[in-house]
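Take the sequence shown: its position 137, counted from the start at 1, is 137 in the UniProt record's numbering, and no numbers get skipped.
Glycine included, every Cβ here is placed at the ideal spot set by N, Cα and C.
Since the structure is predicted, the reported quantities are computational estimates derived from the model, not experimental observations.
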Amino acid sequence: MTLTPQNISDIRASWQVLAADADGFTADFYAALFRRDPGLRPLFAHTDLPAQRKKLVAALALVVRHADDLSPVLGPLEEMGARHVGYGVKNSDYATVGGALIETMEAHLCEAFSSEIREAWTAAYGAVASTMMAGAQAAEARKSA
Ligand code: HEM
């Protein structure tokens, strides 16, 4: 993963602002996600959404903390990607989630949302999503072996 020092400081500084209203951020994120693809709603039919919002914040905070060296979290992210197969998540859903995430960041950071911040989060999300998808693919391969 090739996050620049500038990417890392943009991610950390913007996360500080977003995490100050973590509840509002995650509520708006799921609203944006279901607006972009109402077909994803059934995946969360039996989900305790307030609890899920806290889990998402914890996962994002972990990525922010390890933004300078993601290697210790790559294994856990692969395992998380494998679990997502069981939740009914498809590879194509990662782009929808990424779009909803960036859209919500932009809405919350307002004029502070620079093109550098967009690039930094797009790179970080891309790295996380591709690691999760690799974990999902490995799990699928093990199943059909
Ligand atoms: C960077 C991408 C993502 C992150 C960081 C993330 C984070 C999480 C976390 C921490 C959980 C809690 C359970 C666990 O750890 O396995 C979870 C569950 C879940 N995620 Fe994700 N996720 C991501 C992508 C996606 C995508 C693309 C979808 C597609 C809609 C999705 C849908 C779900 C669903 C349906 C659950 C299960 C909720 C339940 O327990 O009922 N996630 N996610």
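Nearest in C-alpha terms to R12, of all of P38, L60, A138 and T47, is L60. L49 counts as exposed, since fewer than 16 other C-beta atoms from the protein chains shown sit within 10 angstroms of its C-beta.
Its Cα nearest to that of A124, the residue G98 stands out among G98, Q137, E106 and H108. Beyond the five residues adjoining it in sequence on each side, T26 comes within less than 7 Å, by CB distance, of R53, L56 and V57 in the same chain, given in chain order. Between the C-alpha atoms of P72 and E78 there is a straight-line separation of about 11 Å.
Nearest Cα to Y87 within the set A138, D68, S9 and A45: A45. G126 and H84 have their C-alpha atoms roughly 16 Å apart. Using a Cβ distance threshold of 8 Å, A138 and A82 count as a contacting pair. Annotated as proximal: D28 and A107, with beta-carbon spacing under 8 Å.
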